[in-house]
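There are 2 protein chains.
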Amino acid sequence: MAPRPQLGDLEELVLLALLRLGPDAYGAGIREELRGRAGRSVSISTVYVTLMRLEEKGYVRSWKGEPSGERGGKAKRHFEVLPEGVGVLEAVREVRERMWEGVAVEGEARAR
Amino acid sequence: MAPRPQLGDLEELVLLALLRLGPDAYGAGIREELRGRAGRSVSISTVYVTLMRLEEKGYVRSWKGEPSGERGGKAKRHFEVLPEGVGVLEAVREVRERMWEGVAVEGEARAR
DNA sequence: AGGGATTTTTGATTTTGTCAATAAAACCCC
DNA sequence: GGGGTTTTATTGACAAAATCAAAAATCCCT
Chain A
0 MAPRPQLGDL EELVLLALLR LGPDAYGAGI REELRGRAGR SVSISTVYVT LMRLEEKGYV
60 RSWKGEPSGE RGGKAKRHFE VLPEGVGVLE AVREVRERMW EGVAVEGEAR AR
Chain B
0 MAPRPQLGDL EELVLLALLR LGPDAYGAGI REELRGRAGR SVSISTVYVT LMRLEEKGYV
60 RSWKGEPSGE RGGKAKRHFE VLPEGVGVLE AVREVRERMW EGVAVEGEAR AR
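Protein chains in written order, with numbering that gives the first Met the number 0: chain A, 0 to 111; chain B, 0 to 111.
So, in structure tokens, the structure goes:
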């Protein structure tokens with residue numbers, strides 16, 4: 000079987016943004032959420048490339064929306080997290096929780 | 000000022016492993032911690048390359064240990080997280096907490 | 001049909017993750 | 001006191017993820 004692909008740190012944030020935004024999320028809104036909530040300012044192309052990779056990995060699905068009806072513009076493409084995506088998100092969260100467990104941060108950094 | 004380098008997901012785990020292990024951490028022990036606690040099995044070279052990058056970024060420092068006295072072997076190189084490293088770790092943790100906040104995972108994934 | 005508006009896709013590059021293979025020390029020992 | 005063994009660290013080379021500028025694809029309007 001293929002070696003399981005790791006989840007990059009931006010991929011993780013994009014999945015989380017998708018969960019927050021719900022099923023009518025699309026490029027620009029995701030970018031907004033990344034900037035506003037996560038403090039991560041990336042170009043719109045970065046968002047799309049990441050979404051495509053997540054789709055290839057089977058963590059999200061997408062479908063073409065209806066044209067908006069408003070003045071001009073290509074139809075949106077909507078994205079949604081699949082159960083596999085939720086699973087991997089929870090997995091990486093648990094790993095980090097385990098790694099933080101029992102870590103005393105004061106002192107460590109200033110020691111010596 | 001230089002655009003702040005992002006923290007990769009492995010870099011993050013290595014920083015956490017260092018915090019857990021304390022100031023006598025070195026290559027092999029870090030690798031063990033990654034495998035045992037984080038479930039991430041990487042080669043020893045991967046560990047070192049990551050440590051070097053973290054050092055270049057100013058998140059860890061290292062120094063050469065005394066030879067162990069036991070039968071053979073090059074002296075260990077010890078690593079320690081700097082305050083800047085602790086800071087960036089806390090920063091990424093807060094970002095993820097904010098992103099998880101209010102996310103309802105049941106249903107989202109199965110939602111129609 | 002042509003033009004402006006909005007959204008997405010495509011190159012192309014830099015940064016991170018990855019490991020096999022090689023090098024560096026340190027000890028032993030004859 | 002040089003060769004072998006052991007442990008640790010470094011290099012070199014490539015794959016995967018992150019990044020953006022520029023180009024393409026639709027859609028609405030006149």
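Beta carbons are placed, not taken as given, at the ideal position from N, Cα and C, and that holds for glycine.
Simplified DSSP state of residue i, which is helix, strand or coil
i, result
"A/Ser61", "strand"
"A/Arg76", "strand"
"A/Ala27", "helix"
"A/Val41", "coil"
"A/Ala16", "helix"
"B/Pro22", "helix"
"B/Pro66", "coil"
"B/Glu100", "coil"
"B/Leu81", "coil"
"A/Leu6", "coil"
"A/Gly35", "helix"
"B/Gly71", "coil"
Exposed unless 16 or more other CB atoms sit within 10 angstroms - verdict on residue i
i, result
"B/Asp23", "exposed"
"A/Val48", "exposed"
"A/Glu96", "exposed"
"A/Gly101", "exposed"
"A/Gly38", "exposed"
"A/Gly57", "exposed"
"A/Gly28", "buried"
"B/Gly86", "exposed"
"A/Gly35", "exposed"
"B/Gly72", "exposed"
"B/Glu32", "buried"
Length of the line joining the Cα atoms of residue i and residue j
i, j, result
"B/Arg52", "A/Pro82", "34 Å"
"B/Glu93", "B/Ile43", "30 Å"
"A/Arg70", "A/Gly64", "16 Å"
"A/Gly7", "B/Gly7", "7 Å"
"A/Gly21", "B/Arg60", "43 Å"
"A/Ala90", "B/Val104", "13 Å"
"B/Leu12", "A/Pro66", "43 Å"
"B/Gly84", "A/Gln5", "23 Å"
"A/Leu88", "A/Glu54", "14 Å"
"A/Trp62", "B/Leu9", "32 Å"
"A/Met98", "A/Arg30", "29 Å"
"B/Ala74", "A/Leu50", "45 Å"
Rounded distance between the beta-carbons of residue j and residue i, thought under 8 Å
i, j, result
"A/Val41", "A/Gly26", "11 Å between Cβ atoms; not a contact."
Exercise. Are the region 74–87 of chain B and the region 10–27 of chain B in contact at 8 Å, needing three or more beta carbon pairs?
Worked result: The region 74–87 of chain B vs the region 10–27 of chain B: in contact.
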